[in-house]
Every structure is written in C-alpha cells, then in structure tokens.
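The structure appears right after this line, and notes come after that.
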Amino acid sequence: MGKFIYLDNAATTKTDPKVVEAMLPYFTENYGNPSSVYSFAAANKEVESEQREIIAKSLGAKTNEIYFTAGGSESDNWALKATVEAYADKGNHIITTKIEHHAILHTAQYLESKGIQVTYLDVDENGLVDPEAVRAAIRPETILISVMFANNEIGTIEPIKEIGAIAKENGILFHTDAVQAYMHVPIDVEELHIDMLSASAHKFNGPKGIGFLYIRKGVKIRSFIHGGAQERKRRAGTENVPGIVGMGTAAKLAYATLDERAKYESELRDYLIDRVLKEIPYTRLNGDRVKRLPNNANFSFRFIEGESLLIMLDMKGICTSSGSACTSGSLDPSHVLLAIGLPHEIAHGSLRVSLSEETTKEDIDYLVDELKKIVARIREMSPLYEDFLKKEKVK
Amino acid sequence: MGKFIYLDNAATTKTDPKVVEAMLPYFTENYGNPSSVYSFAAANKEVESEQREIIAKSLGAKTNEIYFTAGGSESDNWALKATVEAYADKGNHIITTKIEHHAILHTAQYLESKGIQVTYLDVDENGLVDPEAVRAAIRPETILISVMFANNEIGTIEPIKEIGAIAKENGILFHTDAVQAYMHVPIDVEELHIDMLSASAHKFNGPKGIGFLYIRKGVKIRSFIHGGAQERKRRAGTENVPGIVGMGTAAKLAYATLDERAKYESELRDYLIDRVLKEIPYTRLNGDRVKRLPNNANFSFRFIEGESLLIMLDMKGICTSSGSACTSGSLDPSHVLLAIGLPHEIAHGSLRVSLSEETTKEDIDYLVDELKKIVARIREMSPLYEDFLKKEKVK
Amino acid sequence: MAYSEKVMDHFEHPRNVGEIENPSGVGTVGNAKCGDIMRIYLDIDDNQVIQDVKFKTFGCGAAVATSSMATELVKGKTVEEALGVTNKAVMEALDGLPPVKVHCSLLAEEAIHAALWDYAEKHNLKIEGLEKPKSDIHEDEEEEEEEY
Ligand SMILES: Cc1ncc(COP(=O)(O)O)c(C=O)c1O
Ligand SMILES: Cc1ncc(COP(=O)(O)O)c(C=O)c1O
Ligand code: FES
Ligand code: FES
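Chains A, B and C, in that order, are what the protein sequence lines are. Residues 1 to 395 in the working numbering are what the first sequence spells out, letter by letter. Residues 1 to 395 in the working numbering are what the second sequence spells out, letter by letter. Residues 1 to 148 in the working numbering are what the third sequence spells out, letter by letter.
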C-alpha cells in the first residue's frame with residue numbers, strides 16, 4: 001500500500017486496540033440486556049455505570065448526569081430540541097453561532113421552522129465568539145445558549161468560561177458541543193458553568209456510534225428518543241453495551257494522557273504551521289494561532305481548489321480533509337471559513353490537517369514536502385494564478 | 001458457573017462470533033469516516049452500501065430505501081415523528097394498537113401532547129388486531145397506521161398483509177415495528193404493502209446500537225436527527241461502520257438460515273408449550289397458538305408473581321423474562337397482557353421464554369423440570385393460592 | 001468520491017495544461033465563488049482546424065479531468081466537429097462521473113464554446129449552432145431530493 005499517513009483525526013480516529021479488546025467480551029459472552037432481571041445481564045448494568053463514572057469524573061460531573069447516546073449528532077439534537085420543549089413556557093429564543101457544526105446549525109434551522117427564534121452570532125477573523133456579543137443577544141425570552149467548545153474545521157477554542165459565566169448570571173442554560181474538544185483539552189463543567197455538553201467516542205479513539213450528553217442535575221430535560229426506561233427514562237433503546245464499554249475505556253485511556261498528548265501534538269502542530277507558512281507562498285492559517293486545538297491546523301492556499309489538493313495528497317498516501325467530512329458531499333465552501341471572512345474562492349482552497357499522538361515529525365515533513373510540490377502543480381494549472389501573475393507583472 | 005441456559009432471545013441475542021469477526025477490521029484498520037474524500041475512507045462507503053443491499057434484498061426492497069439508525073427505538077421514533085411532520089397538511093390522526101412496544105406507545109403519547117390524534121386499537125384475547133377495526137378507525141385526516149409485525153411479549157404475529165392492503169387502498173402510510181419479526185419470519189415489503197419498517201440488529205445476532213428504518217421510495221420523509229449529509233441527508237451522524245457491517249453480516253447469516261431456524265425453533269417451542277400446559281396446573285399460554293413467533297412462548301401461572309419466578313429460575317442458571325426487558329424498571333403489569341384481557345393478578349405472574357437456534361431439547365426439559373418445582377414452591381407461599389384451595393375444598 | 005480510473009488518470013496526468021500565446025480564441029467560464037473556473041485556449045488554422053489547445057482549471061478533480069479530456073477530444077478537429085464535443089461525450093470518454101460532479105463536465109463544454117465564440121468574434125465569423133456562452137453555469141444545478 002506504500003505510504004499511509006492518517007492526518008484526519010478530526011473526522012474520526014482509529015479505535016484503540018485496547019478499547020476493542022475491552023469491548024469484545026460484551027458481544028459474545030456478556031451479551032445480556034442490562035435491563036434484565038437475571039444476574040447474567042444485570043451485571044452489565046454495573047459495567048455501564050462504571051463507564052458513566054469514568055466519564056463523569058473526567059468532566060467534574062456526577063455519574064447520573066451522563067446520558068449515553070448514539071453519537072455527537074444525537075447529543076446535539078437532543079440538547080436543543082428537548083430544551084426548547086421543556087422551557088417553552090419560559091421563552092422561545094436561543095443563541096448560537098455561525099460556525100457551529102451542522103448537527104447544531106441544521107437543528108437550529110429546523111427549530112426556526114417551528115417558530116423558535118434563533119440568533120446566530122458572528123465570529124471574528126480567527127473564529128472567536130465575543131462573550132459580550134453573547135450578553136448583548138440575550139433577551140427576556142432566551143432559554144438556551146449553545147456555543148461549541150472548539151471548532152471542528154479551524155480548531156479555534158471558544159471562550160467557554162466567559163460565556164458560561166454570562167449564561168449563569170442571566171439564568172440561561174448553557175450547552176456546548178464539545179465533540180472536538182472533549183479529551184483533547186481539559187474540561188470541568190463546574191468551573192466553566194456548563195449545563196449540557198455533547199461528545200462522541202470516535203473522536204477520542206473510541207468506537208463509532210456512541211456518545212453522550214452531559215446534563216446538569218436540575219436541568220429540566222425531555223426525552224428525544226421515547227420508549228423504554230433506559231438512561232433514567234430519558235433515552236430509550238437497548239443499551240449498546242460494547243459501545244459504552246468502548247467509550248468508557250477510551251475515555252479512561254485518553255484522560256490519563258491528556259496533558260502529554262496535548263503538549264506533544266501542539267508542538268508538532270506548531271512545527272507544521274511554521275513550515276507551511278514559511279515555505280508555501282500565498283498561504284494563510286485559519287483559526288486562532290494560540291486558542292486552538294492541539295491537533296488542528298487549517299490552511300488556505302490561494303488559487304487552489306480543495307478537492308484537487310485532497311486527491312493529490314491521497315495519491316501520496318496522505319489522508320486530510322478540506323472541511324468537515326460530513327459535508328464533503330456538498331460542493332459549497334465551508335460556512336465556517338465564510339464566517340471568518342474568507343472570500344469564496346479562498347475558502348474553497350482550504351486544507352485541514354488533524355494530528356494524533358501517533359503522528360511523527362517525519363510524517364509532517366513528508367506532508368509539507370509533498371504539499372509544496374502539489375500546491376505548485378495545481379497553481380500551474382490554475383487560471384486564477386495565471387491572472388494573478390499577469391497582474392503582478394504589470395505592477 | 002454451573003448451568004447457563006439463555007432463554008431471553010427476545011430481549012437480546014448473543015452477537016454471532018462471525019459477526020464480530022467481520023466487524024473487527026473496521027475498528028483498528030479500516031477506521032476511516034465514510035464521508036471523507038481519500039480512498040482509505042471512501043472505501044467504507046462501498047462497504048456500507050453492500051450491507052444496505054443485503055438488507056434491502058432480505059425485504060424485497062431497494063438499496064436506497066434502507067436507512068441506518070442506532071436501533072429499533074430510534075427507527076420507531078423517526079417513523080412516527082417524521083411522518084407526522086411531513087404529512088401535517090394532510091391530517092393529524094394516526095392509528096396504532098394497545099400492544100405496541102413502548103418505543104411506539106410512548107412516542108404516540110408524546111405526539112398526543114403535541115395535538116396529534118391517536119387511536120389505540122384493541123386486540124383480541126390472543127393479541128390479534130382485527131383488520132376491520134383498522135379500516136373502521138380510518139378518518140379523512142388519518143396519515144399513518146402503525147401496527148407491529150409481531151408482539152415482543154406474547155409473540156403474536158399480526159395480520160400485516162391485510163392491514164397493509166387496507167392502508168394502501170385508503171392511501172394511508174403503513175409502518176410496522178418488525179423488531180421482533182425481522183429475520184425470524186419472512187417479510188416482503190411489496191407483498192405486504194409496507195411503507196416503513198423498523199428493525200434492530202441485536203435481535204438477530206447482530207450488535208447492539210444499530211438498526212434500520214426501511215422507507216419506501218416516494219414516502220415524504222423528514223430528518224429526525226439533523227446535521228451532516230449522511231444517509232442521503234436523512235440521518236446525521238458519522239456512520240457506525242463496524243455496527244453497519246455487523247448488522248449486514250448478521251442479516252446475511254440469518255437470512256440464509258431463516259426457514260430451518262424457524263422450523264427448528266417452532267418445534268421446540270411447541271414441545272415446551274405442550275409440556276408446560278400439561279404438567280403445570282392453572283397455567284395458560286398467552287398469545288396466539290399458531291400465529292406466533294417461532295421462538296416465543298409466554299405463560300401465565302396463576303397465584304404467582306413474575307419477579308420471584310425469574311429470580312428462582314436465575315438461581316438455576318436460566319435466563320428468562322416476565323415482559324419486555326426495557327420496562328422491567330417498572331412494577332406495573334404488562335400493558336400487553338392487560339390488553340389481551342388478563343386480570344392484574346394473573347398478568348403479574350407471566351413468563352416469557354424466547355429460544356434461539358442454540359437452544360436444545362435438553363435445555364427445555366431442564367427448564368420445565370425446574371419450572372414445575374419453582375411454581376409449586378411459590379404457590380406454597382402464596383396467600384392467593386391458599387384462598388383458592390380453600391374455596392375449591394368448599395365446592 | 002468514486003472517480004473512474006480514467007478520471008483519475010486524467011487528473012493525475014492532465015493533458016494540454018498551459019497557455020497559448022496569441023490564441024485564436026480563449027474562453028473562461030465558471031465562477032470562483034462556486035469553486036471552479038476553466039479557461040481554454042485554442043489555436044485554429046485557416047481551414048478551421050484546431051491545431052492546438054491548452055487549458056487551465058481551478059476546480060475539483062472532475063473539473064481537471066474533464067478539462068483534460070475535452071482538450072484531447074477537440075484537438076485536430078474542425079470547429080464544427082468541436083462543437084459536437086458535448087459534456088456527455090466528455091463524460092462518456094471518462095467512463096462517467098459521480099452524480100454530484102456532472103455539472104463539472106458542463107463546464108468543459110461551456111469553456112470550449114466560449115473559446116470558439118471568442119474565435120468567431122475575433123474573426124468576424126458566424127458559427128452555426130454556437131450560442132453566446134453563459135458566464136455562470138451553476139444556476140440550474142440540482143442535487144437529489146430537496147427537503148430536510
Ligand atoms: C417490538 C420492539 N420494538 C422496539 C424495540 C426497541 O429496540 P431497541 O431496544 O433496539 O431500540 C424492541 C426491543 O427492545 C422491540 O421488541
Ligand atoms: C463539532 C462537532 N459536533 C458534532 C459532530 C457530530 O458527531 P457524530 O458524527 O459522532 O454524530 C462532529 C463530528 O462529526 C463535530 O466535529
Ligand atoms: S412487593 Fe415488591 S414490587 Fe410490589
Ligand atoms: S468543478 Fe464544481 S465541483 Fe467540480
């Protein structure tokens with residue numbers, strides 16, 4: 001297969017073999033339905049609750065504040081839709097931002113179609129939300145503020161603590177989509193005044209198809225999936241025991257290494273950013289230089305279209321992405337890059353590189369060397385570059 | 001551990017080791033996000049589509065009519081909630097039955113709280129829905145009929161074909177919760193006029209946390225989980241590739257053995273039913289004697305409370321249940337048993353035994369032998385039995 | 001993205017990339033806003049035979065491959081024959097394109113037409129069947145079912 005360098009860990013991660021090993025017995029041996037009476041299955045209730053505890057601890061939360069879901073998208077949908085229902089008598093306005101993941105944005109748009117008022121806050125050129133803008137957007141009928149912890153495309157980490165404080169001060173619920181941040185930066189729901197938090201296991205070396213929603217005790221919460229009495233009657237469906245064990249195990253492993261991983265990855269990330277900006281002309285870094293996920297780098301190369309770049313990198317065995325994976329079916333430029341003010345044609349030429357602890361300096365060097373060649377080659381082909389050079393000459 | 005006889009396959013099944021084996025590479029090797037551009041991950045799109053095809057074929061459906069979900073409960077919620085939304089301009093009435101799984105019932109009740117009219121049809125003493133009652137319940141504003149394929153407690157198989165025909169005749173959508181029936185009885189969505197069908201992998205030796213909703217082409221369908229463009233923009237969330245492969249593999253294996261399994265299990269089931277009814281007095285079979293799932297037997301033992309029975313069987317290494325697993329948190333007698341007309345005290349003393357192809361005649365003999373002893377022992381303790389015996393004596 | 005081997009080949013080794021000095025005709029279509037611009041240069045001799053053709057493309061893999069294939073298809077053809085090189089012909093020559101990428105092949109057809117139009121204007125010719133190219137071809141692009 002030749003070279004294979006996986007640099008799209010923001011899209012999904014490899015499930016840790018230790019995680020898979022922990023899951024295995026729950027498929028063919030301890031396969032009981034945790035809601036059953038007999039001991040064979042009831043033991044799985046215990047196992048589940050251990051995983052819940054691991055996750056709760058990692059957030060400074062209580063065990064019964066963690067609700068398992070099928071992933072980040074379900075958690076986001078649940079948080080928004082259920083809050084809007086439970087707090088309908090208080091108001092009908094929610095505040096979010098223009099750079100949320102589609103799991104929030106499309107849900108908010110859906111809610112708009114049901115008569116909910118939604119404010120989509122602007123961000124600055126680095127993708128930062130201004131806490132004062134949050135404050136200014138609050139109305140008497142505001143029931144929820146939902147601001148992502150860190151952006152999935154440009155990696156910017158939002159001022160969650162400040163926003164949490166403003167929410168608390170105003171008695172408004174605060175939800176954060178931490179799918180990209182959880183287990184990549186430290187999070188304490190008390191310190192940050194977070195009332196609800198979404199996460200997804202496959203973003204931290206856990207399995208796909210499992211995630212959770214943290215819901216602070218006291219928050220009125222309605223079911224999103226109605227039915228059986230699982231998850232304290234809040235989320236119906238036979239528990240995905242192997243998935244839950246996988247997520248718990250991944251959380252345990254990731255929590256233990258959080259600091260050193262963050263340090264390692266951010267040094268490598270900075271090395272990557274420095275080399276690219278220095279060695280490839282007409283290039284910009286998207287997202288905040290400092291307030292950024294340890295494993296994320298996002299560049300725009302002028303005169304270049306993203307897909308060609310991805311395919312050429314793929315031919316060299318390098319996996320990267322141009323925006324979020326789940327919208328790659330779409331041909332529109334990223335709403336995030338437009339929100340930070342990039343013109344369309346530059347937004348089209350962006351590249352997201354997301355590292356893992358397994359990424360090496362050699363990988364990065366190989367990436368940058370290939371990138372230089374590929375960018376040069378695509379620019380050769382680009383009518384925009386031609387026009388640009390002609391104009392430059394005239395000057 | 002001594003004896004271990006698992007007779008609760010309606011609650012969940014053992015994941016087939018072949019299924020687990022098929023899933024394994026998708027955790028640690030082919031872990032790519034199927035929506036990504038590069039070939040490493042895009043290959044998973046193909047794999048996904050192969051699984052979709054296996055499932056479609058097993059139902060006589062088209063590949064693009066299968067939508068993956070996180071399980072039966074999500075499928076049921078999606079079918080009902082999205083239909084109500086998409087067809088709001090046509091009407092606000094849905095028809096279902098009193099013996100549905102809670103994933104349907106609680107969803108219907110939720111919809112009632114939103115102003116939807118719901119008719120809950122009665123069933124006869126065997127749990128059968130009368131197709132003519134369905135016809136009689138239809139109103140001009142009826143938009144959906146949802147009748148389960150087979151009941152999860154008493155195993156009764158409903159007259160789906162007749163109901164499907166009535167729905168079709170009247171231009172009304174027909175959904176069936178086939179979570180218990182799929183891969184246990186043959187289903188052809190064309191022949192049965194089914195427009196939507198819910199299924200869950202862990203009920204046919206696939207993994208937990210994955211299921212699907214069949215949606216006939218042409219049915220207007222809204223998203224239930226909003227976000228990314230997965231599942232033809234209908235169900236957001238990074239695809240659970242190992243889960244999907246697990247479900248597809250399980251479907252393939254189960255489809256190939258459907259007839260012989262059904263034959264084997266129903267013979268064993270009949271042997272069990274005959275022995276119990278003959279050897280344990282004051283006992284009745286719940287559910288239809290003939291129109292019944294091959295693997296389900298459900299008994300009521302008078303003067304007995306179900307939980308004691310389960311625990312004593314558990315002590316003998318036998319796993320069974322009294323109703324559906326997901327309501328075992330509740331102390332109410334089963335709504336299904338009440339719907340078929342059992343008085344409360346008898347409904348409390350019921351036992352569901354659900355077989356698998358691994359169940360042997362020896363297992364059944366052991367169960368019946370133990371059951372006889374246990375039932376006798378509990379009755380010894382029962383004041384109801386004491387009263388009954390005294391009354392009998394007087395006669 | 002399921003590209004055919006032909007598409008990948010033309011993407012990896014695009015034919016006729018570049019510029020022609022003093023071309024007989026040049027056409028640029030597309031819109032950088034939508035993420036694609038294609039420019040085709042034609043060198044046409046006195047017998048209205050296309051002697052040389054070059055392209056530049058800012059666009060996705062399909063756009064690059066269709067540009068490359070389109071230039072191959074028109075090279076050596078007469079102006080009239082070149083008009084017959086439709087997006088369908090380009091797609092077929094590439095063994096097809098994924099549905100979301102069909103419009104990229106339209107771009108190639110449009111770019112050739114635009115270059116021919118430029119040639120006709122410069123030489124005061126009227127070419128039968130050639131219409132003034134639209135500048136933005138993305139207006140009527142359709143994806144699958146609409147609602148969410
Ligand atoms: C008839 C029926 N419908 C729905 C469900 C829900 O399926 P799941 O628990 O996989 O969500 C079940 C089983 O629990 C069932 O038996
Ligand atoms: C910020 C953010 N939110 C939500 C999601 C959705 O998570 P999932 O795909 O696990 O449903 C993702 C990733 O896809 C994400 O990056
Ligand atoms: S006696 Fe224990 S549940 Fe009622
Ligand atoms: S050129 Fe528009 S997406 Fe291919």
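Glycine included, each C-beta is placed from N, C-alpha and C at the ideal position.
Straight-line Cα distance separating D274 (chain B) from H405 (chain B): A question about residue 405 (chain B) goes unanswered here, because the residues of chain B that appear run from 1 up to 395.
Cβ of T13 (chain A) within 9 angstroms of any chain B Cβ: Here residue 13 (chain A) corresponds to residue number 13 of the first sequence, with the count starting at 1. Closer than 9 angstroms: yes.
Rounded C-alpha distance that separates R139 (chain B) from I163 (chain A): Mapped onto the second sequence, residue 139 (chain B) falls at position 139. Mapped onto the first sequence, residue 163 (chain A) falls at position 163. Looking at the two C-alpha atoms, the distance is approximately 51 angstroms.
Residues of the region 52 to 82 of chain C whose Cβ lies closer than 9 angstroms to any Cβ of chain A, in chain order: The region 52 to 82 of chain C vs chain A, Cβ under 9 angstroms: F55, K56, T57, F58, G59, C60, G61, A62, A63, V64, S67.
Cβ distance (whole Å) where Q109 (chain B) is taken to contact N152 (chain B) below 8 angstroms: Here residue 109 (chain B) is taken as the residue at index 109 of the second sequence, counted from 1. Here residue 152 (chain B) is taken as the residue at index 152 of the second sequence, counted from 1. The pair is not a contact, with the Cβ atoms about 18 angstroms apart (cut-off 8 angstroms).
Where the beta strand (DSSP E) containing R284 (chain A) begins and where it ends: Taking the first residue of the first sequence as position 1, residue 284 (chain A) is located at position 284. Where R284 (chain A) is concerned, the enclosing beta strand (DSSP E) stretches over 283 to 285.
Environment of S39 (chain A) [buried if 16+ CB atoms lie within 10 Å]: The residue you call residue 39 (chain A) lines up with position 39 of the first sequence. Counting Cβ neighbours within 10 Å, S39 (chain A) comes out exposed, since fewer than 16 surround it.
contact_flag[the region 16 to 23 of chain A, the region 197 to 210 of chain A] where n(CB pairs < 8 angstroms) is 3 or more: With a cut-off of 8 angstroms on Cβ pairs, the region 16 to 23 of chain A is in contact with the region 197 to 210 of chain A, counting three or more such pairs.
Status (buried if at least 16 other CB within 10 Å, exposed otherwise) for F58 (chain C): Indexing the third sequence from 1 puts residue 58 (chain C) at position 58. Around the beta carbon of F58 (chain C), 16 or more other beta carbons lie within 10 angstroms, which makes this residue buried.
Minimum C-alpha distance to T156 (chain A) - residue among A:K168, A:H184, A:E141: As a working note, residue 156 (chain A) is residue 156 in the first sequence. If we check each option's Cα against that of T156 (chain A), A:H184 comes out closest.
Residues that C319 (chain B) bridges to, as DSSP identifies them: One-based indexing of the second sequence puts residue 319 (chain B) at position 319. C319 (chain B) is bridged to B:Y6.
Beta-carbon spacing of L313 (chain B), F299 (chain B) below 9 angstroms: As a first step, residue 313 (chain B) must be located in the second sequence, where it is residue number 313. As a first step, residue 299 (chain B) must be located in the second sequence, where it is residue number 299. L313 (chain B) places its beta carbon 9 angstroms or farther from that of F299 (chain B).
Beta-carbon gap between L309 (chain B) and I374 (chain B) smaller than 9 angstroms: Within the second sequence, numbered from 1, the residue matching residue 309 (chain B) stands at position 309. Within the second sequence, numbered from 1, the residue matching residue 374 (chain B) stands at position 374. For L309 (chain B) and I374 (chain B), yes; Cβs fall inside 9 angstroms.
Near-chain A residues of the region 362 to 376 of chain B - C-beta to any C-beta below 7 angstroms: Listed by position, the residues of the region 362 to 376 of chain B near chain A (Cβ gap below 7 angstroms) amount to none.
Test: I318 (chain B) CB closer than 9 angstroms to a CB of chain A: Here the question's residue 318 (chain B) lines up with position 318 in the second sequence. Interface residue, yes.
Any chain A beta carbon closer than 9 angstroms to D89 (chain B): Taking the second sequence and counting its residues from 1, the one referred to as residue 89 (chain B) is at position 89. It does not: the Cβ of D89 (chain B) has no partner Cβ on chain A nearer than 9 angstroms.
Three-state class that DSSP yields for V185 (chain A) in the structure shown: Residue 185 (chain A) sits at position 185 when you count from the first residue of the first sequence. In the three-state reduction of the DSSP assignment, V185 (chain A) falls in the strand class, which pools E and B.
8 angstroms Cβ shell around L338 (chain B) - same chain, five flanking residues per side excluded: Numbered from its first residue, the second sequence carries residue 338 (chain B) at position 338. When the five nearest sequence neighbours on each side are left out, the beta carbons in the same chain lying within less than 8 angstroms of the beta carbon of L338 (chain B) are those of H344, A347, in order along the chain.
Contact test: I104 (chain A) Cβ vs ligand 2 heavy atom, cutoff 8 angstroms: Stepping through the first sequence from its first residue, residue 104 (chain A) is reached at position 104. Flag set: Cβ of I104 (chain A) near ligand 2.
Beta carbon proximity, M91 (chain C) to chain A, threshold 9 angstroms: By 1-based counting over the third sequence, the position of residue 91 (chain C) is 91. Not one chain A Cβ lies under 9 angstroms of M91 (chain C).
Chain-ordered chain C contacts of F303 (chain A) [CB-CB under 9 angstroms]: Taking the first residue of the first sequence as 1, we reach residue 303 (chain A) at position 303. Within chain C, the residues placing a beta-carbon under 9 angstroms from that of F303 (chain A) are F58, ordered along the chain.
Proximity to D43 (chain C) [Cα-Cα], best of C:L116, C:K126, C:H103: Within the third sequence, residue 43 (chain C) is the residue found at index 43, counting from 1. Checked all of C:L116, C:K126, C:H103; the closest Cα to D43 (chain C) is C:L116.
S328 (chain B) to V84 (chain B) span [Cα, whole Å]: Taking the second sequence and counting its residues from 1, one reaches residue 328 (chain B) at position 328. Taking the second sequence and counting its residues from 1, one reaches residue 84 (chain B) at position 84. Any reading at S328 (chain B) must be qualified, since the residue scores a pLDDT of 49, below 50, and its modelled position is unreliable; the value itself is stated next. If you take the alpha carbons of S328 (chain B) and V84 (chain B), they lie about 30 angstroms apart.
Cβ-based neighbour list, C326 (chain A), same chain, cut-off 8 angstroms, excluding 5 preceding and 5 following: As a first step, residue 326 (chain A) must be located in the first sequence, where it is residue number 326. Below a pLDDT of 50, predicted positions are generally treated as unreliable, and C326 (chain A), at 39, falls in that range; the measurement from the model is reported next regardless. Result list for C326 (chain A): H102, in chain order.
Beta-bridge partners of G27 (chain C), as assigned by DSSP: For this step, residue 27 (chain C) is matched to residue 27 along the third sequence. Answer is C:I40, bridged to G27 (chain C).
Beta carbon of S266 (chain A) nearer than 9 angstroms to that of A11 (chain A): Translated into the one-based positions of the first sequence, residue 266 (chain A) becomes position 266. Translated into the one-based positions of the first sequence, residue 11 (chain A) becomes position 11. It is not a contact, given that the beta carbons lie outside the stated cut-off.
Cross-chain neighbours of G115 (chain B) in chain A, by beta carbon under 7 angstroms: Residue 115 (chain B) sits at position 115 when you count from the first residue of the second sequence. Those do not exist, as G115 (chain B) stays about 13 angstroms from chain A at its closest Cβ, beyond 7 angstroms.
Minimum Cβ-Cβ distance from H184 (chain A) to chain B less than 9 angstroms: Stepping through the first sequence from its first residue, residue 184 (chain A) is reached at position 184. No, because no Cβ of chain B sits closer than 9 angstroms to the Cβ of H184 (chain A).
Supposed contact pair F388 (chain A) and G431 (chain A) - C-beta distance, whole angstroms, cut 8 angstroms: Shown here, chain A extends from 1 to 395; a query on residue 431 (chain A) therefore has no answer.
Residue interval of the alpha helix (DSSP H) (run including Q51 (chain A)): Translated into positions along the first sequence, residue 51 (chain A) becomes position 51. That run of the alpha helix (DSSP H) goes 39 to 59.
Uninterrupted alpha helix (DSSP H) stretches inside the region 168 to 250 of chain A (no shorter than 4 residues): Qualifying alpha helix (DSSP H) stretches, in chain order: 230 to 233.
N-terminal and C-terminal residue of the alpha helix (DSSP H) that K390 (chain B) is part of: Numbered from its first residue, the second sequence carries residue 390 (chain B) at position 390. That run of the alpha helix (DSSP H) goes 383 to 394.
Pair within 9 angstroms by beta-carbon distance, V154 (chain B) and I104 (chain B): Locating residue 154 (chain B) in the second sequence gives position 154, where the first residue counts as 1. Locating residue 104 (chain B) in the second sequence gives position 104, where the first residue counts as 1. Per the sequence shown, the amino acid found at residue 154 (chain B) is Ile instead of Val. Not in contact: I154 (chain B) and I104 (chain B) (Cβ atoms no closer than 9 angstroms).
Sub-9 angstroms separation of S73 (chain A) and Q230 (chain A) beta-carbons: As a first step, residue 73 (chain A) is located in the first sequence; it is residue number 73 there, counting from the start. As a first step, residue 230 (chain A) is located in the first sequence; it is residue number 230 there, counting from the start. Contact flag unset, no.
Environment of A88 (chain A) [buried if 16+ CB atoms lie within 10 Å]: By one-based count along the first sequence, residue 88 (chain A) stands at place 88. Taking all protein chains shown into account, A88 (chain A) has fewer than 16 neighbouring C-beta atoms within 10 Å of its C-beta and is therefore exposed.
Three-state secondary structure (DSSP) of S113 (chain A): The residue you call residue 113 (chain A) lines up with position 113 of the first sequence. Residue state, collapsed to three classes: helix.
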